[in-house]
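Student: Here it is, the structure in full.
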Amino acid sequence: MIVFQVDKQLESGEYFLNENKKSEKKWQEKQEKQTEKTIEKKRMRDASFVPPEEPVQSSNNSNKYEEGKKDLTELTQSLKSKTKELKKQKKTQEKVNAEEYIAVTSGDKSSKKKSKVVRD
Numbered sequence: 001m002i003v004f005q006v007d008k009q010l011e012s013g014e015y016f017l018n019e020n021k022k023s024e025k026k027w028q029e030k031q032e033k034q035t036e037k038t039i040e041k042k043r044m045r046d047a048s049f050v051p052p053e054e055p056v057q058s059s060n061n062s063n064k065y066e067e068g069k070k071d072l073t074e075l076t077q078s079l080k081s082k083t084k085e086l087k088k089q090k091k092t093q094e095k096v097n098a099e100e101y102i103a104v105t106s107g108d109k110s111s112k113k114k115s116k117v118v119r120d
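First residue of the sequence shown? That's 1 in the UniProt record's numbering, and the numbers climb one at a time after it.
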């Protein structure tokens, strides 16, 4: 048996409602669908912002972390000691007087300057 639109309206009582009530009911149904769609869209947008789960760290990973931390502290200590040594070397180099190492052949230092010859 074929059920027509009018038969459905007669069963639900919509057939006898006036136009205002029919339009209000349609508007209400439309609003419900719209709110459902907005909720679904919001859920989809929020799903993209969920951070990924971090893996659970085992005891092996923590040991590696501790070893890496020790290595890092050793490295920093060695770098600090090297910088101190370099600073000491620079200080000693600054104190050295270069004139002490220059050999002077004659007791008289001539301050004569050679004149430049201008050629045309």
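For glycine and all other residues, C-beta sits at the position ideal for the given N, C-alpha and C.
1) Confirm, please, whether the CB-CB distance from Lys22 to Glu32 is below 8 Å.
2) For Asp7, collect the residues of the same chain with a Cβ closer than 7 Å to its Cβ; drop the 5 residues on either side in sequence, then sort them by chain order.
3) For Lys90, I'd like the list of residues in its chain whose CB is within less than 7 Å of its CB, leaving aside the five on either flank, ordered along the chain.
4) DSSP three-state call for Val6: helix, strand or coil?
5) Which residue marks the beginning of the alpha helix (DSSP H) containing Glu24, and which one marks its end?
6) Can you determine whether any heavy atom of the ligand FAD sits closer than 7 Å to the C-beta of Lys25, and answer yes or no?
7) Rounding to the nearest angstrom, what Cα-Cα distance links Val104 and Gln93 in this structure?
8) For a test of the three-state rule: what should DSSP assign to Glu11, helix, strand or coil?
Tutor: If we stick to the structure as given:
1) Not a contact, by the Cβ cut-off of 8 Å.
2) none
3) none
4) helix
5) Glu19 to Ser48
6) With respect to the ligand FAD, the structure shown offers nothing to examine, as it has no ligands at all.
7) 22 Å
8) helix
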